[in-house]
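Accompanying notes for the structure given below.
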Amino acid sequence: MRFVFAAIGRMKAGSDKDLFDRYLDRARKVGRGLGVSAVEVIELAESRAARAEDRKGEEAAALLAALPGRARLVVLDEAGKAMTSAGFSALLQAWMDDGVSDIAFAIGGADGHGAAMIERADVSLAFGAMTWPHQIVRILLAEQVYRALTIQAGHPYHRA
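Count the sequence shown with my numbering and you get residues 9 to 168, in order.
Written out as structure tokens, the structure is:
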């Protein structure tokens, strides 16, 4: 099983990237014992198209082309479904139990996801009704993946 974090835009060096990398490292370490062979990051350039719909379409095409073809896809979208940490962990566990080889998480550009990305998604996930900066969404996602894995491993990190 492999996790792929795919995002439009690049994280610059600094405290945000350090925190993101720390949670990825933790997820990798806990995940090894659960059959997670890799946690990868794909960063793609933002579209330069003039219109928002064109940018979303170009970015969706780039993300879809970069993802493993048979991956289960979770898109981060403010119109998505809110989940508890335990529910998110259960979803990932169910996919792992089904023998899914890749789980991809997609974070769109500043304008959001294009229609092709939303249509391809297995799950559309929201971290609440507020709009979050992409750097923070990456950190929140990495932390929640780590938390999900600690729940599966019976680690005391998650206190519910």
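We put the beta carbon where it would ideally sit given N, CA and C, even for glycine.
It should be emphasised that the depicted structure is a prediction, and the values quoted were computed from it without experimental measurement.
V38: member of the alpha helix (DSSP H) spanning 23-40, first to last residue.
At a Cβ-Cβ threshold of 8 Å, I16 and E67 count as neighbours. The beta carbons of A134 and A90 sit about 5 Å from each other, so the pair counts as a contact at 8 Å. Taking a cut-off of 8 Å on C-beta distances, the region 25-38 touches the region 145-152, as three or more cross pairs fall below it. One alpha carbon belongs to A69, the other to F113, and they sit about 15 Å apart. The criterion of a C-beta distance shorter than 8 Å is satisfied by L71 and A14. Between the beta-carbon of M125 and that of V82 there is about 11 Å, and that puts the pair past the 8 Å contact cut. For G116, the number of other beta carbons within 10 angstroms of its own is at least 16, and it is reported as buried. Cα atoms of R78 and A168: separation of roughly 33 Å, rounded to the nearest angstrom. Its Cα nearest to that of S132, the residue D85 stands out among Q160, D85, D119. DSSP, read as helix, strand or coil, puts R78 in coil.
Approximately 6 Å separates the beta-carbon atoms of L157 and L42; this is inside 8 Å, confirming the contact.
The three-state reading of DSSP puts D62 in helix, counting H, G and I together.
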